[in-house]
Amino acid sequence: MKTNPGVLTTTEILKKVRELEIKSKHLASDLFSGEYHSAFKGKGMSFREVREYYPGDDIRFIDWNVSARFNHPFSKVFEEERELTVMLLIDVSASSLVGTVGSTKKVINTEIAAVLAFAAVNNGDKVGAILYSNKIEKYIPPKKGKQHALYLMRVLLGMSSEKKSTALKPALQYFTNTNRQKSIAFILSDLVDTDYSDALRVAGSRHDVIGLKIYDRMDMHLPDIGMLRVEDSETGAQQWVDTGNKLVRYQYEQEFFRLTANANDVFKKAGSDLLHIRTDEDYIKVLRRFFISRNR
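According to full-length UniProt numbering, the sequence shown holds residues 1 to 296 in order.
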């Protein structure tokens, strides 16, 4: 019997990992593996070989030493270094447990993380993760391979989220300090905090950062159901709210739009992309559109 309803048992975790593996491997390989491959640039160009010069070859790449030795022009051939490092910054705070339509934010975060992890390992890339609330809950260094992706899923599924507040800033700072080479970072969060603009700007100047704002329909619209006692999932604070009051519902909606506009502005100024995914939406379509747009 579980003592904490927010944590899965070992048996449940193994079952979920298997389900995630089957679902995400199919999505990663069949739906947008090609788009993922071409959406992100490698670290640079590496030397592959020397071959005879052909008309049209860039004369800057002529190997003059080899050409002199054989009394015939030879060109250096380069290829793009495709190996990438993908880091997943995953919000595991209590607000991720919210979900009134479709799935909870935590479930969507986990599924998207699994798809991105398998897309990375399928392309021979390294993948790692930073699980955070208002502090770093777990750091998983980037590695290659299916077993590493499965380990990442097990850790994420076993992570408790109850009574944990959110702070993206420490996670971004930790990411910047632990990843010296350029990486691709996906931030999976509802972005309910606002104090991360400077940290994102620094991370965005060194890395390719993509935010995925996961939100529930109730984050945007408060239903008209009369007096309702609500509890802040992160602080535990409770209060009564008159949902029948139009002004209360309007102010609630405006706060959501304020947070959304702030996130859009912060990511834009940092030169980073931000996607919005509702818990009852098809996140694969959103990701696929994004990857395709990167290739244009």
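Ideal Cβ positions, reconstructed from N, Cα and C, are used throughout, including at glycine. None of the values given here were measured: they were computed from a predicted structure.
Considering Cα atoms alone, identify which of the options is closest to residue i.
{"i": "Asp224", "options": "Glu162, Tyr250, Asp232 and Lys213", "result": "Tyr250"}
{"i": "Lys15", "options": "Ile140, Arg154 and Ile130", "result": "Arg154"}
{"i": "Tyr174", "options": "Tyr196, Asn71 and Phe70", "result": "Tyr196"}
{"i": "Phe118", "options": "Leu200, Arg51, Leu152 and Lys268", "result": "Leu152"}
{"i": "Ile22", "options": "Val241, Gly145 and Val115", "result": "Val115"}
{"i": "Leu131", "options": "Lys146, Glu255, Phe267 and Ala94", "result": "Ala94"}
{"i": "Asn123", "options": "Glu35, Tyr283 and Asp198", "result": "Glu35"}
{"i": "Lys146", "options": "Asn177, Arg18, Phe256 and Phe257", "result": "Arg18"}
{"i": "Asp57", "options": "Lys246, Phe74 and Arg69", "result": "Phe74"}
{"i": "Lys269", "options": "Asp198, Glu255 and Ile277", "result": "Asp198"}
{"i": "Ser103", "options": "Leu287, Met87, Asp232 and Asp282", "result": "Asp282"}
{"i": "Met87", "options": "Tyr53, Asn177 and Arg69", "result": "Asn177"}
Can you have a look at residue i and say buried or exposed, based on whether 16 or more other CB atoms are within 10 angstroms of its CB?
{"i": "Val121", "result": "buried"}
{"i": "Asn65", "result": "exposed"}
{"i": "Ser205", "result": "exposed"}
{"i": "residue 315", "result": "With the chain represented from 1 up to 296, any question about residue 315 goes unanswered, as that position is not in the structure."}
{"i": "Leu27", "result": "buried"}
{"i": "Lys164", "result": "buried"}
{"i": "Thr9", "result": "exposed"}
{"i": "Val230", "result": "exposed"}
{"i": "Met1", "result": "Because the pLDDT of Met1 is 36, which lies under 50, any placement of that residue in the model is unreliable, and the question is left without a value."}
{"i": "Thr279", "result": "buried"}
{"i": "Gly128", "result": "buried"}
{"i": "Asp242", "result": "exposed"}
Determine the DSSP secondary structure at residue i, reduced to helix, strand or coil.
{"i": "Thr110", "result": "helix"}
{"i": "Ser75", "result": "strand"}
{"i": "Gln181", "result": "coil"}
{"i": "Gly204", "result": "helix"}
{"i": "Lys2", "result": "Note that Lys2 scores a pLDDT of 40, beneath 50, so its modelled location is shaky and nothing firm can be said."}
{"i": "Ser189", "result": "strand"}
{"i": "Thr104", "result": "coil"}
{"i": "Leu222", "result": "coil"}
{"i": "Pro55", "result": "coil"}
{"i": "Glu137", "result": "strand"}
{"i": "Tyr196", "result": "coil"}
{"i": "Thr260", "result": "helix"}
{"i": "Val98", "result": "coil"}
What's the gap between the Cα of residue i and the Cα of residue j?
{"i": "His207", "j": "Ile136", "result": "20 Å"}
{"i": "Arg180", "j": "Ala203", "result": "10 Å"}
{"i": "Met159", "j": "Ile59", "result": "56 Å"}
{"i": "Tyr215", "j": "Thr194", "result": "15 Å"}
{"i": "Lys106", "j": "Val77", "result": "46 Å"}
{"i": "Leu89", "j": "Ala167", "result": "12 Å"}
{"i": "Met218", "j": "Ser293", "result": "29 Å"}
{"i": "Ala237", "j": "Ser189", "result": "21 Å"}
{"i": "Thr3", "j": "Leu150", "result": "Interpretation of Thr3 is limited by its pLDDT of 43, a score under 50 that renders its predicted location unreliable; the figure taken from the coordinates is listed afterwards. Going from the Cα of Thr3 to the Cα of Leu150 covers about 25 Å."}
{"i": "Thr85", "j": "Val101", "result": "34 Å"}
{"i": "Gly99", "j": "Thr110", "result": "14 Å"}
{"i": "Ser161", "j": "Leu200", "result": "24 Å"}
{"i": "Glu253", "j": "Ile140", "result": "37 Å"}
{"i": "Val50", "j": "Phe290", "result": "37 Å"}
{"i": "Ile284", "j": "Leu20", "result": "14 Å"}
{"i": "Ser67", "j": "Asp265", "result": "54 Å"}
{"i": "Pro5", "j": "Thr260", "result": "Because the pLDDT at Pro5 is just 44, under 50, the model does not fix this residue reliably, and the value given afterwards should be weighed accordingly. Going by the C-alpha atoms only, they are around 30 Å apart."}
Just checking my contact of residue i with residue j at CB under 8 Å: how many whole Å lie between their CB atoms?
{"i": "Leu191", "j": "Ala263", "result": "5 Å"}
{"i": "Ala113", "j": "Leu156", "result": "6 Å"}
{"i": "Ser272", "j": "Ile210", "result": "7 Å"}
{"i": "Lys126", "j": "Lys144", "result": "5 Å"}
{"i": "Tyr53", "j": "Ile62", "result": "6 Å"}
{"i": "Phe256", "j": "Met220", "result": "5 Å"}
Tell me whether residue i counts as near the ligand FMN, meaning its Cβ is closer than 7 Å to at least one heavy atom of that ligand.
{"i": "Glu231", "result": "Among the components modelled here there is no ligand, and therefore nothing to report on the ligand FMN."}
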